[in-house]
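Report on one structure; see the data block that follows.
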Amino acid sequence: MAAGSAEEDSAHRFLEAWASQDFAAMHDELTPDAQAQYPLEQFSAAYDEAQSASTATTINAGEASGPENDVIEIEVGLGTEIFGDVNGTLKLPFQDERIAWGPHLTFPNLEQGERVGRRLTLSERASILAKDGTPLAEGAEVRDSPLGSAAIDVTGTVETPDEELRPKVEASGYPGDQETGVSGLELAFNSRLAGKPGGELLAVPEGSALPDVPSSTQGRVLANAQQAPGRDVRTTIDPDLQEVTVSALAGQAGGIAVLDARNGEVRALAGSAYSAPQPPGSTFKVVTATAALEEDLVKLDDYFEPVTSTNPSVETGANTIDNAHDELCGGSFEETFADSCNTVFAPLGVDVGEEKLIETSERYGWNQPVTLYDAEATEAVQPGEMTMPTSFDDETLTELAVSAIGQGEILATPLGMASVAQTVAGGGVRHPTPIVTEPPLRADAQPVQVTSKENARVLTGLMRAVVTYGTGTAAGLSGVEVAGKTGTAELGPKPNQPQVQVAPGEEPPDPEQIVDAWFIAFAPAQKPKLAIAVMLIDADGDGGEVAAPIAAQILGSALG
């Protein structure tokens, strides 16, 4: 809009401020009488009301004409969520080079005494479907599924929006009390599932109920919109496996993720499968072993002297690291992996070095975006990412050593750790982990070659040893070869422990620790179909004791 007379300059400033939502600057252009009659708070509320009713998101001003009879006419275009582009004329009355404002100026084509309202037809919410078409969530008023509550860990929930979410719902054209997706896939694909309302944008008499005008109210039609129905979201979920997985977790704090070992697709999720990242404990030794194999630092028949504790870097003064139960642990490299010897893998992490350990971890998925769905859905849900430091500033190398055994600042989710298992199962290739079938809804991600096929074959043998004779024998199945890795992450001493009296000169026992129990696996080992990760928070035992049997239950049900 070109500048000219004082009135045109004022109109230009007014429209420019409107486009940037600077209501205070708009208010400055009003006559003193208008400012007194409509204080800034009331003035701003009038524009908020009009924009909420129309779902306007952008304002563009064209050329001005006038002033004629102290009125400047401006062509104004508004971009709206529901009604598309709405164009019209705004007639700004002037008095002493200031705008003699009234509430009808909140929207183009309104006459004095009119407000903008709407009469909507709402769309019925679409369904979330399993891979085979089984409904995981369907229905408009009450979301339901043949799986019952077992589906919610995948679908999430719809609820009446809270104060924080309400403006976003209203901006999309729905009433502020309209139930909306607040978690899971209901949130990730809310706009797709909800569709778009249709109806009429109306000029209605002042005093009408706003923004949603009852059918008894007469009004002039300013714009029309066709209703757009919601569209179903088809997932990669196996409904039978989903029920088994949720049942196996049995309400415990933690999470489970089950992937198709051949392509990374999500087959089942339970609990905190992609949120609340936790230290992965010794399941991370798969990563450390990968880095060591790539650097040719170990061979399967290398022998490690059994010890109960070790200093991973005497030269730098690193802290001593113990085995999980202060036990003697050693033997061949395969045996130390099967028995999860901290005293082998902490020094091995130091030998691998900071750069190689971080690089290998990032190929496995640490510090990388989650690949459940597209960027818009990811931004809405913000699933927990696997993270680790991008450098270790500790000159003693203690942080590097404890990171190599999955402690310290290494954080992981069941989804991410299932992907680690899938990578080994997939011959060293990490696939994205989509949960939806339509390509446009998937993450823009490609498979990553994490390590060689030969290294993946060696890692498979190591993980078989864990289940055959190591810490993960509770995951063994009759007729199905399982390859896995246990993990137990110590998070600190349990509170309120009684003091233990000891004889003079004796050391008190170590305090009982809060632990997270982990188990990752894939099966069948030689022709993998499923990859799984189980995490139990504040568990009642080690990963091999409490997490491995849960994985066995799920894999046995699916593959047995």
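Mapped onto this note's numbering, the consecutive letters of the sequence shown carry residue numbers -15 to 544.
Where a beta carbon is used, it is the ideal one built from N, C-alpha and C, also for glycine.
Because the structure is a prediction, the values reported are computed rather than measured.
Would you report the Cα separation of residue i and residue j, rounded to the nearest angstrom?
i: Ala3; j: Asp69; result: 15 Å
i: Phe549; j: Asp335; result: The requested residue 549 is not part of the displayed model; the chain covers only -15 to 544.
i: Gly160; j: Ile43; result: 23 Å
i: Pro353; j: Ile504; result: 21 Å
i: Glu143; j: Thr397; result: 26 Å
i: Asp222; j: Val420; result: 12 Å
i: Ser541; j: Glu278; result: 36 Å
i: Arg(-3); j: Ser(-11); result: 12 Å
i: Ser436; j: Ala532; result: 27 Å
i: Arg127; j: Thr164; result: 11 Å
i: Ala429; j: Gly265; result: 27 Å
i: Leu225; j: Gly182; result: 39 Å
i: Asn208; j: Pro431; result: 46 Å
i: Asp500; j: Glu491; result: 27 Å
i: Gly460; j: Ser324; result: 17 Å
i: Leu149; j: Ala178; result: 15 Å
i: Lys511; j: Val442; result: 15 Å
i: Pro508; j: Ala458; result: 16 Å
i: Asp524; j: Val530; result: 7 Å
i: Asp137; j: Leu399; result: 13 Å
i: Pro130; j: Gln162; result: 25 Å
i: Ala359; j: Leu425; result: 9 Å
i: Gly86; j: Ala8; result: 16 Å
i: Thr545; j: Ser293; result: A query on residue 545 cannot be resolved here, the shown segment of the chain reaching from -15 to 544 and no further.
i: Lys269; j: Ala245; result: 20 Å
i: Ser36; j: Ala193; result: 13 Å
Go through its chain and collect everything with a Cβ distance to residue i's Cβ below 7 Å, but skip five positions before and after it.
i: Leu94; result: His88, Val100 and Ala187
i: Ala(-14); result: Summary for Ala(-14): the model assigns pLDDT 47, below 50, so the residue's position carries little reliability, and this model does not support an answer.
i: Tyr348; result: Val271, Val404, Thr407, Arg414 and Val434
i: Ala172; result: Tyr357, Ala361, Ala364 and Val365
i: Ala449; result: Glu318, Phe321 and Ala322
i: Met10; result: Phe(-2), Ala1 and Trp2
i: Gly368; result: Tyr258, Ser259, Ala260, Pro261 and Thr397
i: Ala234; result: none
i: Ala84; result: Thr15, Ala18, Pro77 and Phe78
Kindly indicate the opening and closing residues of the alpha helix (DSSP H) around residue i.
i: Trp2; result: Ala(-10) to Ala3
i: Val588; result: This structure leaves residue 588 out entirely; the chain is present only between -15 and 544.
i: Arg150; result: Arg150 to Ala155
i: Met372; result: Per DSSP, Met372 belongs to no alpha helix (DSSP H) and is neither H nor E.
i: Val228; result: Pro223 to Leu233
i: Ala532; result: Ala532 to Leu543
i: Leu277; result: Lys269 to Glu278
Between residue i and residue j, which are expected to be in contact by the criterion C-beta below 8 Å, what is the C-beta distance as a whole number of angstroms?
i: Val242; j: Leu514; result: 6 Å
i: Arg176; j: Gly214; result: 7 Å
i: Pro416; j: Gly238; result: Rounded, the Cβ-Cβ distance is 24 Å, inconsistent with contact.
i: Phe91; j: Ser156; result: Incorrect: roughly 19 Å between the Cβ atoms, too far for contact.
i: Leu14; j: Arg82; result: 6 Å
i: Leu381; j: Val464; result: Not a contact, Cβ separation roughly 41 Å.
i: Ile389; j: Asn326; result: 5 Å
For residue i, which residues in the same chain have their Cβ closer than 6 Å to its Cβ, ignoring the five residues on either side in sequence?
i: Met372; result: Ser345, Trp350 and Ile394
i: Gly168; result: Thr139 and Gly140
i: Ala40; result: Leu62 and Thr64
i: Gly454; result: Ala322 and Asp323
i: Pro145; result: Val153 and Thr164
i: Val228; result: Ile538 and Ser541
i: Gly314; result: Phe288, Glu289 and Pro290
i: Leu106; result: Pro181
Between which two residues does the beta strand (DSSP E) carrying residue i extend?
i: Lys75; result: Gly68 to Gln79
i: Phe288; result: Tyr287 to Val291
i: Arg102; result: Glu98 to Thr105
i: Leu120; result: Pro119 to Ala121
i: Gln497; result: Gln497 to Ala507
i: Asp244; result: Gly238 to Asp244
i: Thr472; result: Ala467 to Pro477
i: Ile516; result: Leu514 to Leu520
i: Val188; result: Gly182 to Pro189
i: Leu62; result: Val55 to Thr64
i: Ser49; result: Ala40 to Glu52
i: Ser316; result: Cys313 to Ser316
i: Asn208; result: Arg204 to Ala209
i: Ala252; result: Val250 to Gly255
Closer than 7 Å: is that where the CB of residue i sits relative to any heavy atom of the ligand PLP?
i: Thr41; result: Absence of the ligand PLP from the depicted structure is noted, as is the absence of any ligand whatsoever, leaving it without description.
Output needed for residue i: all residues of its chain with C-beta closer than 8 Å, excluding positions within five of it in sequence on either side, in chain order.
i: Gly476; result: Gln497 and Ile498
i: Pro488; result: none
i: Val197; result: Gly101, Arg102, Arg103, Leu186, Val188 and Gly203
State whether the segment 272 to 285 contacts the segment 296 to 312, with contact taken as three or more CB pairs (one from each stretch) at a distance under 8 Å.
no
Can you confirm whether the segment 185 to 195 touches the segment 95 to 113 when touching is taken to mean that 3 or more C-beta pairs between the two stretches lie within less than 8 Å?
yes
Is the segment 57 to 76 touching the segment 213 to 222 in the sense that three or more CB pairs, one from each, lie closer than 8 Å?
no
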